[in-house]
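Engineer: First the structure, which I've put down as structure tokens, then a few questions once you've had a look.
Numbering (the working numbering), first residue to last: -5 to 173.
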């Protein structure tokens, strides 16, 4: 018999994978006939950051690495660079996940926004150093801003529709970590 907690964790991991696949599928659909000035958000980053701050056990590093690496391949980005930067940002946020229940949402949003801007600018800097053609810096900043602006929507959908909330007091030990 499978432990209900283990079944729940694996169920949410499968749900994360399915949501990521759906986001990637929608991104590769040929909706845009001409070049658009609108820069869309990186929903995969928002989803990974929102889930890692609420339930780090639902998004293991290898799962996020695989999802972001697939997005690197599909979007023809330099293979592994954005994946590594997203993982660095995620691992910066992971230890702060147990505080997400105690801190007000604007503080969490500011922390995630800072992380998104840091990894976006670091990505642009690394691509500039190795002389890879890239969009102008204003495009990178607008993309980071749009991604950060969509983060509260992703958090709301994750919490109220999907049910990814921080562990309750019964699920925590004396240090505030999930038992």
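Heads up, the beta-carbon is just placed ideally off N, CA and C, and yes, glycines get one too.
Kindly list the residues whose CB is nearer than 7 Å to the CB of residue 66, restricted to its own chain and excluding five residues on each side of it in sequence; keep chain order.
Structural biologist: If we look at residue 66 and ignore the five residues flanking it on each side, its Cβ neighbours are 73, 74, 76, 77.
Engineer: Under three-state DSSP, which class holds residue 85?
Structural biologist: Of the three classes helix, strand and coil, the one that applies to residue 85 here is helix, per DSSP.
Engineer: By how many angstroms is the C-alpha of residue 1 removed from the C-alpha of residue 21?
Structural biologist: Those two C-alpha atoms are separated by around 30 Å.
Engineer: Is it a yes or a no for the stretch 82 to 92 touching the stretch 41 to 57, going by three-plus beta-carbon pairs under 8 Å?
Structural biologist: Touching, yes, given that three or more Cβ pairs across the two stretches are closer than 8 Å.
Engineer: What whole-angstrom Cβ distance do residue 33 and residue 140 have, given they're in contact under 8 Å?
Structural biologist: The pair is a contact, with the Cβ atoms about 6 Å apart (cut-off 8 Å).
Engineer: Using the C-alpha atoms, what's the distance from residue 125 back to residue 14?
Structural biologist: Spanning the two alpha carbons is a distance of roughly 30 Å.
Engineer: Sort 39, 101, 25 by Cα distance to residue 59 and report the nearest one.
Structural biologist: Looking at the Cα atoms, 39 is the closest of the given residues.
Engineer: Who are the near neighbours of residue 52 in its chain, counting only those whose CB is closer than 7 Å to its CB and skipping five residues on each side?
Structural biologist: Correct list, in chain order: 3, 6, 7, 10, 45, 158.
Engineer: Look up residue 146 in the DSSP assignment and say whether it is helix, strand or coil.
Structural biologist: It is helical.
Engineer: List the whole-angstrom C-beta distance separating residue 101 from residue 145, where the pair is believed to meet the contact cut-off of C-beta under 8 Å.
Structural biologist: At roughly 13 Å, the Cβ-Cβ gap does not stay under 8 Å, so residue 101 and residue 145 are not in contact.
Engineer: Taking residue 12 as the reference, which of 42, 24, 115, 116 has the closest Cα?
Structural biologist: For the residues 42, 24, 115, 116, the minimum Cα distance to residue 12 belongs to 42.
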